[in-house]
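Visitor:
Residue numbers (the working numbering): 3 to 286.
1. Give me, in chain order, the residues of the same chain whose beta-carbon lies closer than 6 Å to that of residue 1; leave out the 5 immediate sequence neighbours on both sides.
2. Taking just the CA atoms, how far does residue 62 sit from residue 237?
3. Which of helix, strand or coil does DSSP assign to residue 167?
4. What's the call for residue 107, buried or exposed, on a 16-neighbour Cβ count within 10 Å?
5. Whose CA, out of 48, 235, 200, 275, lies closest to the CA of residue 221?
6. Who are the Cβ neighbours of residue 101 in its own chain at under 6 Å, not counting the five residues just before and after it?
7. Please report the Cβ distance between residue 184 and residue 155, rounded to the nearest whole angstrom; I am assuming they are in contact, meaning their Cβ atoms lie under 8 Å.
8. Mind checking which residues open and close the alpha helix (DSSP H) that includes residue 85?
9. Measuring CA to CA, which of 153, 178, 149 is closest to residue 2?
10. What does the Cβ neighbour count give for residue 219, buried or exposed, with the cut at 16 atoms within 10 Å?
11. I'd like the span of the alpha helix (DSSP H) that includes residue 330, first residue to last.
12. If we count the other Cβ atoms within 10 Å of its Cβ and call it buried at 16 or more, is residue 255 buried or exposed?
13. Given a cut-off of 8 Å, decide if residue 139 and residue 277 are closer than it, judged by their beta-carbon atoms.
14. Apart from the five residues on each side of it in sequence, which residues of its chain come closer than 6 Å, Cβ to Cβ, to residue 159?
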């Protein structure tokens, strides 16, 4: 990665892009929430905050630091980052608690819909000489009863070998390492790509200040993002990690689950690594 990209892939730029993308979403799952539900959730959230203040004897100086920081999060456009890193994994846990099929995890802030459509065996869009270890990611999409799901959709996106996502860092081609793959008549898919790298979430903005103040690290393990769907079945949003990879055991976003860890094997001809991972979808 060039110095120019490293310098310009700032928290502010990334946050602004994530905020714009979130606002553009068509929330098909949006529902009206009744006043009693709002009252319950907000009252309990405030009560928890009040309890923390009382138990830890929070001072006015500390309160003013918090107030200033909350204002700065908004000015930096980092609310999507903050919420996706520290809260989304619990929302996903609740949403998927009754799922019988494959495990899901957080979407994160870097999803872009309508990536280029690709056939059942495909190579993701990438630059000539794209850095990293070649990876063949393959598998099958079935229902809970084992029935293959023909034409299932496998959306995939991930960071490059320097930890940057297309459309969220300068100088990367628009759809670099992003694609929408249509499985074959037996639900099989084969995706040729490059292994992503672990990366730090942006640390030059408000979230970075929180991380530094708390003495935390900012790292996410290397991962593939996926959304897998088929007619009549529930869409699954997930991430897949790599066995033995850095920060698999201490992901800042708390999104890793044992069922989501891949163990790629070397390709026989030495040209990279390959792994098979099947997806099981619940009925809608």
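Ideal placement from N, C-alpha and C gives every residue a C-beta, glycine not left out.
Guide: The relevant details are as follows:
1. Outside the shown range of the chain, which is 3 to 286, sits residue 1, and nothing can be said about it.
2. 46 Å
3. coil
4. buried
5. 200
6. 284
7. 6 Å
8. 81–88
9. The displayed coordinates of the chain run from 3 to 286. Any statement about residue 2 would go beyond what the structure contains.
10. exposed
11. One cannot answer for residue 330 here, as it falls past the ends of the chain, which runs 3 to 286.
12. buried
13. yes
14. 180, 227
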